[in-house]
Amino acid sequence: MAWRRLAGKAEAGWSEGRPAGARRRVLEVVGQMKPGGVETWLLHALRRMDRGRIGLDFLVFSKERGAYDEAVRAAGGRLLACPDPRLPLLYARNLSRILREEGPYDVVHSHMHHFSGLDLWVARRAGVGMRICQSHLDTSGVDREAGTLRKGYLAGARRLIGRSATHLLAVSEEAGAALYGDGCREDARYRLLHCGVDFERFAARPDRGALRARLGIPSDAKVIGTVGRLAAQKNQAFLLEIAWELARRDPRWWLVMVGDGPLRASLRSAAAGLGLSRRIVWAGARTDVENVLPALDAFVFPSAYEGLCLAPMEAQGAGLPCFVSSELPPGVTVVDGLMKRLPLAAGPAAWADAIEEETKSAPKVSAEDALATLRSSAFDIGVSSQALEQLYLG
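Numbered per the working numbering, the sequence shown spans residues -10 to 383.
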């Protein structure tokens, strides 16, 4: 009966604070409001939207607290718990009840990739007029390697999305093709909508020595770092090999890992096996990367696949030379002089060579010029949030 009490009503502290006079009510399906590219984008967009015209609620999969929960409430948003996505029929019933009891909603916007099919199918049956699916990942490679059961699920999810969505959004062409198929650009429902970054956070230039002192890093160290969930997709195991190669050549090299996730224990064990434990800062999930990135000499992001990840955007905003995998979509490069793309097949030594060579001198683009370029791009939060608001207003 616990799930009935949880999903039957949004309880005190979760359902209060409906924005008064909101003309368009939007339900964002996000899983959990935690530090991540999509979640950070939505939080900053919420802060910029006209509450008199749009009210945003966030559907999460449990009442476990997310790092952004209080910030969402402070900005006028609501959090609604809907268990349990591992049990699709139960989840669908819970979502249907929430749409009925907490609605009516004008928009349901799902960010859950293939699982969005179920969200939008339920929303269609509930009479929600605007049903948006947004693809944030290029999973084409892993999808091709899926087993028979998984491929059946993927095909069924795509059919539900095709039949239920009124809008098909993607953060990149690669992410769109991965979820909607190669012909998605011919679909009148399809368009690109980039997530945005609040680059204003990087306008201040904090003292690097002070930042390093707070992180426990020597002032004369050479430092690489990354931001991302500790998960197989982000490929931090490869990053550890790069860090080992650099440290083997020069013991002044350190590594900063920002993020948390299911591979935390195994990555720590691997780092210990490589003898890196004393030169790694495990910074955990952070909501203030602007107070970490300026402590680095270079940003390294060897992700196996992405849609269009925002972490490299933030690193460019901090004026850092960036080393990213060739597997990332080309759109991740906004400041040409700061970005170097390398194939994962080249191996850790080749990545270490590139990092050593690039960090021998100052970045080719000043931090001020990089920030100006990013502020005028489609990835600036002002541009992105305005596009999202216009979409919701129809």
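In this text, a Cβ means the ideal position worked out from N, Cα and C, and glycines have one as well.
Since we're looking at a predicted model, the values are computed, not measured.
Beta-bridge annotation (DSSP): residue 311 is paired with 288, 328.
Under the three-state reduction of DSSP output, residue 214 falls in the strand class.
Three or more beta-carbon pairs drawn from the region 282 to 295 and the region 208 to 219 are found closer than 8 Å, and the two stretches are therefore classed as touching. Taking a cut-off of 8 Å for Cβ pairs, the region 256 to 269 and the region 168 to 187 do not touch, as fewer than three such pairs fall below it.
Restricting attention to 246, 157, 161, 15, the CA atom closest to the CA of residue 229 is found in 246. For residue 156, the uninterrupted beta strand (DSSP E) run begins and ends at 156 to 159, by DSSP. Cβ contact annotation for residue 360 (same chain, cutoff 8 Å, sequence separation greater than five): 188, 191, 192, 306, 308, in chain order. Here residue 239 is exposed. Its C-beta has fewer than 16 other C-beta atoms within 10 Å.
The Cβ-Cβ distance between residue 315 and residue 301 does not fall below 8 Å. Following the DSSP letters along the chain, one finds residue 17 in no alpha helix (DSSP H) but inside the beta strand (DSSP E) bounded by residues 13 to 20.
Of the candidates 220, 182, 96, 243, 243 places its Cα closest to the Cα of residue 208. Take residue 250, set aside five residues on each side of it, and the residues of its chain with a beta-carbon closer than 6 Å to its own are 218, 219, 220, in chain order.
With fewer than 16 other Cβ atoms inside 10 Å of its own Cβ, residue 379 counts as exposed. The C-alpha of residue 101 is placed about 13 Å away from the C-alpha of residue 143. Using a Cβ distance threshold of 8 Å, residue 98 and residue 15 count as a contacting pair.
About 4 Å separates the beta carbons of residue 30 and residue 184, which is inside the 8 Å limit, making them a contact pair. Runs of the beta strand (DSSP E) lying entirely within the region 255 to 302 and spanning at least 3 residues, in chain order: 269 to 273, 287 to 290. Residue state for residue 206 is assigned as coil, using DSSP reduced to three classes.
Nearest to residue 107 by C-alpha distance, out of 24, 170, 76, 205, is 76. The same chain holds no residue with a CB closer than 6 Å to that of residue 383 once the five nearest residues on each side in sequence are set aside.
Sequence-distant partners of residue 292 (beyond 5 residues in either direction) whose C-beta falls short of 8 Å from its own C-beta, in its chain, are 217, 222, 223, 224, 298, 313, 314, 316, 317.
DSSP places residue 124 in the strand class (E or B) of the three-state scheme. If you check the CB distance, residue 19 and residue 27 come in under 8 Å. Here residue 232 is buried: its Cβ has 16 or more other Cβ atoms, across all protein chains shown, within 10 Å. Between the region 86 to 94 and the region 128 to 138, the count of C-beta pairs closer than 8 Å stays below three; the two stretches do not touch.
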